[in-house]
Amino acid sequence: MTATRRAESLSKVPLAISAVGQQDIEEFGYTNMESFYRSVPSVSLLDGGAQQKQMIIRGVTVQASAEAKAATGIYVDETLVSGNFSNLDPRIFDMQRVEVLRGPQGTLFGGGSIAGSVRYITNKPNPNEFEANFAADINNSKDADTGYSVDAMVNVPLIENTLGLRFVAFHSDNPGIYQNSQFDLDDQASYDQTGGRVSLRWTPTDTFTLTGMYLTDNSDQDGWSRAHGEDWRALDQVNLIPEKLSADAEVLSLTAEWDVGWVTITSVTSQLNIESDYRKDFSFFGFDEYWEPLRFGTQGFFDDSSFTQELRFVSDPEQFEKVDWIAGLYYADRENREDFRDCFSIDEDGFDSIAVNYANAGPRFADAVPGQDLVYPYPANHEDIFASGTEFGPQDSVAEGVYPSCLYREHERLPYDELAFYGELSYHFTDRLTGTIGYRHTEESKSGLLKAQIADFGPEVFNEVEESPEFDETHDNFMFNLSFDMTETTTLYARAAEGFRVASGSAGANFSPGCEAEVLDQLGFIPGGVKSDSLWAYEAGLKFRSEDGRLSLNAGVFRNDWSDIQVEVIIDSGTDNCNLFVALNQNVGEATGNGVEFDVAWLVTDQVELSFSGSYVDFTLDEDVPFLNAAEGDRLPSHPDLSLHGSAVYNFPLSGQWTGFVRAEVSYTGEILGNFNTDPTLDRPSAGEYTLANVRAGVSNDRWEVALYVNNLFDKHATSFQYIDWTERLESLVVRPLTVGMSVRTTF
């Protein structure tokens with residue numbers, strides 16, 4: 000593994016890390032985050048569908064929302080692929096391994112890894128041999144359509160020992176398990192994922208390597224992955240307008256490695272672009288009470304652009320005797336662009352059709368309901384501030400007296416620069432005792448431009464344009480590690496590390512005098528500037544690997560101290576003095592998490608392998624947070640208290656060159672609490688507490704593998720997360736039911 004920026008044995012790295020290698024990926028049929036995360040201790044997943052997966056490590060999350068800044072950094076090789084709205088969920092095909100680093104990685108990885116990091120390490124081009132790999136899968140989930148996937152890889156040596164080219168392509172069709180009883184639709188939340196990558200590696204000498212990679216990943220989903228209402232087992236989405244979700248990602252990277260003898264110099268240049276758009280139905284806010292055909296929804300577009308440059312120096316351990324060191328510089332230039340609008344639409348056939356009409360919905364509604372007080376008209380000489388430079392383009396008409404079709408429109412640009420230098424120094428006191436200290440200094444600069452049009456606070460439509468002043472932050476993060484090799488097979492370590500999460504806000508929000516009193520009454524304070532939150536983690540662990548390599552054990556205990564937590568707060572006011580509905584982030588509260596985790600792997604015989612892993616995490620608030628209806632001692636949402644996973648692999652010879660295999664997994668997920676509710680009359684929902692079993696069996700030889708599999712073998716009906724939405728409706732992320740499939744894989 001290379002998570003410490005050095006090539007090291009997993010059993011010797013003194014930190015909590017798990018690696019899912021290519022053999023495990025192929026043996027268990029892992030394809031994405033959802034398929035492998037249960038095998039990693041202290042890791043949970045909020046699976047919201049296409050590129051809306053949030054991986055949670057050691058319980059570090061306080062809210063499950065698309066707007067929440069990621070606490071876990073997702074990397075493909077050296078490139079961060081976590082966006083502001085979407086997180087790339089790479090297709091795990093032709094991957095060398097997936098590394099999961101638990102605990103803050105603020106020294107080497109910076110502000111995107113307050114909880115930990117997940118690194119997808121791709122197979123690199125081979126300049127010496129032609130290689131090809133093809134895999135196909137067909138599957139069917141209970142009461143769902145048939146799904147399939149196709150993956151392919153071709154490696155072409157261009158110049159022997161010098162230049163290699165590698166192509167990877169994939170497509171998957173993933174049927175939805177939800178339905179919409181309102182319009183008799185099934186296959187809701189189905190999504191397609193299409194993409195690939197191209198890598199070119201040039202090795203002109205034994206000491207210099209240059210690798211370029213281009214990756215594309217496009218996902219389109221019909222509807223969101225959740226059931227509405229108390230009867231979540233019905234898998235029903237009662238939407239009155241069609242919903243959608245899509246994300247298109249591109250990554251371009253160039254990595255140069257130069258071994259000059261006493262040090263290896265690495266330069267990583269990368270460009271990330273993720274474009275996401277969505278549509279959600281909010282008709283159930285009660286808009287049909289104004290007029291039965293009236294529908295209401297929100298549309299959003301997010302464009303995350305990020306250029307990064309890193310220069311890293313890693314010492315040769317043979318050159319400095321008792322000292323190893325790493326030093327580096329990091330620069331990032333990012334911009335997040337957001338466009339969204341809350342708009343009316345008209346159902347021409349009442350409740351009989353999902354085909355809604357967005358054209359002139361505002362004027363039509365105003366004509367149908369004279370005297371309504373929901374939307375107000377344009378004034379004279381109103382400026383269309385969205386006429387250019389925005390995703391949705393200009394409005395139909397802003398003439399005096401015309402009613403807009405959108406209650407609210409917004410365009411926001413958030414540029415962000417980061418400059419950091421970092422280093423780690425390890426000193427070998429003896430052959431067995433090593434101490435390491437790490438430090439990272441980060442300077443950030445953020446600003447913003449917000450343009451908004453408000454049409455629901457009369458007597459007429461008005462614009463707001465706000466340019467946020469530059470907001471600067473400085474971070475100094477430390478890491479301390481002490482490791483002791485008790486024997487050749489056993490290592491003890493203790494680690495203290497600090498991480499931070501980049502602030503999602505800037506200098507603070509402005510409220511009108513009429514709204515300040517209302518905001519103060521709801522929150523107990525006036526929202527101000529938002530700074531980065533920080534987390535200190537303290538852990539101690541043991542690593543054991545038997546001399547013959549057949550038995551390994553990793554175990555540890557940890558404590559997280561999380562301060563200045565960034566939390567989304569909602570201000571909802573409809574008084575005469577203040578008509579306001581806004582969601583914004585604030586630093587609120589502190590929390591403490593304690594836990595224990597372990598994993599064991601045992602190669603019983605050459606034919607039988609067993610593994611077992613688990614964790615217990617107790618992460619609670621240190622103080623009351625009244626406006627969240629949260630009290631000291633309340634557990635944080637989104638992660639299970641107890642997680643267990645076991646697997647078994649049995650290989651047996653058949654005739655000729657063929658081998659048979661049976662592979663099985665069983666996992667238990669403990670209680671998962673939902674988001675805190677601002678309404679004290681609503682109970683906080685609870686999910687989890689379920690056991691899943693998967694089994695896979697087939698035959699293989701040197702070139703072919705054919706397998707049959709069953710996931711969720713006992714068709715367990717369960718929810719992986721539940722929460723109360725803004726309409727006070729229960730939303731449930733439901734575990735995929737019994738799924739039967741067949742896969743074929745061949746290599747050349």
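Numbering of the sequence shown is given in numbering that gives the first Met the number 0, commencing with residue 0 and proceeding in unit increments.
All C-beta atoms, glycine included, are put in the ideal place defined by N, C-alpha and C.
Since the model is a prediction, treat every value here as computed from it, not as a measurement.
Applying the 10 Å Cβ sphere with the 16-neighbour rule, what's the burial state of P203? With fewer than 16 other Cβ atoms within 10 Å, it is exposed.
From L107 to G422, what does the alpha carbon distance come to, in whole angstroms? Their Cα atoms are separated by approximately 8 Å.
For S396 versus F343, is the C-beta spacing smaller than 8 Å? Not closer than 8 Å, so no.
Taking the alpha helix (DSSP H) that Q764 falls in, what are its first and last residues? With the chain covering 0 to 747 only, the question about residue 764 has no answer from this structure.
K243 - partner residues in DSSP beta bridges: K243 pairs with D221 and R278.
Tell whether a beta-carbon distance below 8 Å holds between F611 and G645. Note that the C-beta distance between F611 and G645 is below 8 Å.
Distance, Cα to Cα, V80 vs V250? Going by the C-alpha atoms only, they are around 8 Å apart.
Which runs of the alpha helix (DSSP H) at least 4 residues long sit entirely within the segment 627-656? Give them in chain order. Counting whole runs of 4 or more residues, the segment 627-656 contains no alpha helix (DSSP H) stretch at all.
T106 lies in the alpha helix (DSSP H); which residues open and close that run? Per DSSP, T106 belongs to the alpha helix (DSSP H) from G105 to F108.
At the level of alpha carbons, what is the spacing between D571 and P636? In a straight line, the C-alpha of D571 is about 23 Å away from that of P636.
Does D351 pass the burial test, meaning 16 or more other C-beta atoms within 10 Å, or should it be called exposed? Low confidence applies to D351: its pLDDT is 47, below 50, so where it sits in the model is not reliable, and the reading given next is rough at best. Label assigned to D351: exposed.
Just the C-alpha distance for G540 and N553, rounded to the nearest angstrom, thanks. Straight-line Cα distance between these residues: approximately 7 Å.
Between the segment 282-302 and the segment 46-59, do three or more beta carbon pairs fall short of 8 Å? With a cut-off of 8 Å, the segment 46-59 and the segment 282-302 do not count as touching, because too few Cβ pairs lie within range.
Taking just the CA atoms, how far does V313 sit from N711? So the two alpha carbons sit approximately 45 Å from each other.
Alpha carbon of T268 to alpha carbon of Q308, nearest angstrom: One C-alpha to the other measures close to 5 Å.
Those runs of the beta strand (DSSP E) which lie wholly inside the segment 358-435 and span at least 3 residues: DSSP runs (the beta strand (DSSP E)) wholly in the segment 358-435: 405-427.
Assuming S590 contacts E567 (C-beta within less than 8 Å), just tell me the rounded distance between them. Residue 590 is actually Ala in this sequence, not Ser. So it is not a contact: roughly 16 Å between Cβ atoms.
Supposed close pair G102, F557 - CB separation, criterion 8 Å: About 7 Å separates the two Cβ atoms, so the contact holds.
How big is the Cα-Cα spacing for M485 and L534? CA-to-CA, the gap between M485 and L534 works out to about 30 Å.
Measure from the alpha carbon of H227 to the alpha carbon of each residue in K279, T206, T265 and W257, then state which is nearest. The shortest C-alpha to C-alpha distance from H227 to any of K279, T206, T265 and W257 is the one to K279.
Count the other CB atoms within 10 Å of the CB of T473; is the residue buried (16 or more) or exposed (fewer)? Taking all protein chains in view, the Cβ of T473 is surrounded by fewer than 16 other Cβ atoms within 10 Å, so the residue is classified as exposed.
Rounded separation between A65 and Y615 - CA only: Its pLDDT being 43, under 50, A65 is placed unreliably in this model, and the value from its coordinates should be taken loosely. Approximately 26 Å, taken between the alpha carbons.
How big is the Cα-Cα spacing for E730 and Y177? Cα to Cα, E730 sits roughly 12 Å from Y177.
Reduced DSSP secondary structure (H/G/I, E/B, other) of Y36: Helix, per DSSP.
Do you know how far the Cα of S17 is from the Cα of F35? Computed Cα separation, rounded: 11 Å.
Unbroken beta strand (DSSP E) runs of length 3 or more, entirely within the segment 429-507: which are they? DSSP runs (the beta strand (DSSP E)) wholly in the segment 429-507: 432-453, 461-484 and 489-500.
Are P126 and R196 touching if we call contact CB-CB under 8 Å? No. Outside cutoff.
Label I453 either buried or exposed according to how many other C-beta atoms from any shown protein chain fall within 10 Å of its C-beta, with 16 as the threshold for buried. Result: buried.
Same chain, Cβ closer than 6 Å to L214, five either side skipped, listed in chain order: Setting aside the 5 residues that flank it on each side, L214 is surrounded in the same chain by R196 and V250, each with a C-beta closer than 6 Å to its C-beta; the list follows chain order.
Got a sec, what are the start and stop residues for the beta strand (DSSP E) Y190 sits in? Secondary structure note for Y190: its beta strand (DSSP E) is the uninterrupted segment S189 to T204.
At the level of alpha carbons, what is the spacing between Y377 and P458? Cα to Cα, the separation comes out at about 9 Å.
With a threshold of 8 Å between beta-carbons, can L239 be considered close to chain B, or not? Structure shown: chain B not included; a single protein chain is present.
Three Cβ pairs or more, each shorter than 8 Å: is that satisfied between the segment 418-437 and the segment 381-388? No: the two stretches stay apart, fewer than three of their Cβ pairs being nearer than 8 Å.
I need the DSSP call for P156, collapsed to helix, strand or coil. Strand at P156.
Buried or exposed, going by whether 16 or more other CB atoms sit within 10 Å of the CB of Y426? Looking at its Cβ environment, which holds fewer than 16 other Cβ atoms inside 10 Å, Y426 is exposed.
Three or more beta-carbon pairs under 8 Å between the segment 357-366 and the segment 441-449, yes or no? Result no; under three Cβ-Cβ pairs closer than 8 Å.
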